[in-house]
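Going by the UniProt record's numbering, the first residue of the sequence shown is number 1, and it counts up by one from there.
The beta-carbon is built from N, C-alpha and C at its ideal position, and this holds for glycine as well.
What follows is a short report on a single structure.
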Amino acid sequence: MISILTATYNRSELLSRLHNSLINQTNYNFEWIIVDDGSDDDTKEKVEKFISTSKFSIKYVKQLNQGKHVAINKASEYINGEYVVLIDSDDELVPNAIETIKNKIQQVGVNSDIEDNKKNIIGFNFRCLDHNSNLLGENIIDEQERISTPIKMMNVQPADSSYVFNSHHFKNNKFPLIRNERFFPELYVWNKISDHGNIKYFLNTPICIVHYQQEGLSSNFYKLLKISPFGFKMYYKDMITRDPNFKNKLKYFVRLFQCYFLSIGCR
Numbered sequence: 001m002i003s004i005l006t007a008t009y010n011r012s013e014l015l016s017r018l019h020n021s022l023i024n025q026t027n028y029n030f031e032w033i034i035v036d037d038g039s040d041d042d043t044k045e046k047v048e049k050f051i052s053t054s055k056f057s058i059k060y061v062k063q064l065n066q067g068k069h070v071a072i073n074k075a076s077e078y079i080n081g082e083y084v085v086l087i088d089s090d091d092e093l094v095p096n097a098i099e100t101i102k103n104k105i106q107q108v109g110v111n112s113d114i115e116d117n118k119k120n121i122i123g124f125n126f127r128c129l130d131h132n133s134n135l136l137g138e139n140i141i142d143e144q145e146r147i148s149t150p151i152k153m154m155n156v157q158p159a160d161s162s163y164v165f166n167s168h169h170f171k172n173n174k175f176p177l178i179r180n181e182r183f184f185p186e187l188y189v190w191n192k193i194s195d196h197g198n199i200k201y202f203l204n205t206p207i208c209i210v211h212y213q214q215e216g217l218s219s220n221f222y223k224l225l226k227i228s229p230f231g232f233k234m235y236y237k238d239m240i241t242r243d244p245n246f247k248n249k250l251k252y253f254v255r256l257f258q259c260y261f262l263s264i265g266c267r
């Protein structure tokens, strides 16, 4: 079974789109875990309506507003699936997403001649589409799949993508919690998970449609840096040690100094 995790905050009007995409799945072997990060809209009532008519398992958990990363940590406590995928509340899955994930997992597990079994595959990565059904980022036409790591693939295909992780490793690599900070970069945790095994990247297979919101996390980087300097400091220190690209290292050093400067005002 696949566990779908969604952290949401005052996104009641957008949850229906994601819910409809789950209803339209060609395979219902999944559960949907929703963690409400302290919403004060009608999210709870809307999810209760979803649950009352659902053909698949929906779990709803509400917490005080602490940030998406804390909500994801909370969601991990309720995972029953063997694999987990994160889907934002404003995004949606393509109709065959779950079936595609299941098929790729089975291919790795049953094909005796596949080298993947010897390489300790603990996760998968799939492409995302924009709202016009175009692949985010560049098309990679000369290669369909690759064994790699998040940091290496960031230099090949930096666009947003969708990770599917083995639940055991996902649960054992939670987001660090920093007092009074409500954001932590996801790539930090994805890199930590990849330290325990390999990830198979499907370079032209989409499972998710992304809808960027003007007020969303992706569009407010500098605001996030300002309010979460200690978390970003941890992140950039880690990236400096991991990324082999010299230009990227310089960029991370600049960001790290920004974090040090911003963190002084937080003491």
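Asked: Should the segment 30-40 be regarded as contacting the segment 52-70, the criterion being three or more beta carbon pairs within less than 8 angstroms?; Found: yes
Asked: How would you label lysine 74, buried or exposed, when you count the other beta carbons within 10 angstroms and need 16 or more for buried?; Found: buried
Asked: Whose C-alpha, out of Ile151, Phe165, Asn166, is nearest the C-alpha of alanine 159?; Found: Ile151
Asked: Hey, could you find the ends of the alpha helix (DSSP H) lysine 192 is sitting in?; Found: 186-194
Asked: Can you name, in chain order, every residue of its own chain whose Cβ lies under 7 angstroms from the Cβ of phenylalanine 253, other than the five neighbours on each side?; Found: Ile240
Asked: Can you check whether the CB of aspartate 91 is closer than 8 angstroms to the CB of leucine 22?; Found: no
Asked: DSSP has cysteine 208 in a bridge; who is on the other side?; Found: Leu93, Cys128
Asked: Would you decide whether proline 244 is buried or exposed? Buried here means 16 or more other CB atoms lie within 10 Å of its CB.; Found: exposed
Asked: How would you write the range of the beta strand (DSSP E) that glutamate 31 sits in, first residue to last?; Found: 30-37
Asked: Looking at isoleucine 141 and glycine 197, is the spacing between their C-beta atoms short of 8 angstroms?; Found: no
Asked: DSSP three-state label for asparagine 245, please.; Found: coil
Asked: Are the CB atoms of serine 228 and phenylalanine 183 nearer to each other than 8 angstroms?; Found: yes
Asked: I think isoleucine 207 touches serine 162, with their Cβ atoms under 8 angstroms apart; what is that distance to the nearest whole Å?; Found: 5 angstroms
Asked: Let's test the definition: count the other Cβ atoms within 10 Å of the Cβ of tyrosine 9 and tell me whether it reaches 16, buried, or not, exposed.; Found: buried
Asked: State the start and end residues of the unbroken beta strand (DSSP E) segment that holds lysine 59.; Found: 57-63
Asked: Out of curiosity, what's the CA-to-CA distance linking glutamate 45 and phenylalanine 170?; Found: 29 angstroms
Asked: Relative to the alpha-carbon of serine 54, which residue among Thr43, Ile72, Asn24 has its alpha-carbon at the smallest distance?; Found: Asn24
Asked: Output yes or no for whether 8 angstroms exceeds the beta carbon distance between tyrosine 188 and methionine 234.; Found: yes
Asked: Just tell me which of Val70, Phe50, Val108, Val210 has its CA closest to the CA of arginine 127.; Found: Val210
Asked: Using a Cβ-Cβ cutoff of less than 6 angstroms, which residues in the same chain neighbour leucine 256 once the five nearest sequence positions on both sides are dropped?; Found: Tyr236
Asked: What first and last residue would you give for the alpha helix (DSSP H) that runs through isoleucine 2?; Found: Careful: isoleucine 2 lies outside any alpha helix (DSSP H), inside the beta strand (DSSP E) at 2-8.
Asked: So isoleucine 2 and isoleucine 101 are in contact, right, with Cβ under 8 angstroms, and what is the actual spacing, rounded?; Found: 6 angstroms
Asked: According to DSSP, is tyrosine 235 part of a helix, a strand, or is it coil?; Found: helix
Asked: Does lysine 104 pass the burial test, meaning 16 or more other C-beta atoms within 10 Å, or should it be called exposed?; Found: buried
Asked: Could you please give the first and the last residue of the uninterrupted beta strand (DSSP E) stretch that includes arginine 146?; Found: 145-148
Asked: Restricting to Cα atoms, I'd like to know which of Phe124, Ile51, Val94 is closest to serine 148.; Found: Phe124
Asked: Between the Cα of glutamine 213 and the Cα atoms of Thr6, Leu5, Arg11, which residue gives the shortest distance?; Found: Arg11
Asked: Would you mind stating whether asparagine 204 and isoleucine 98 have Cβ atoms separated by less than 8 angstroms?; Found: no
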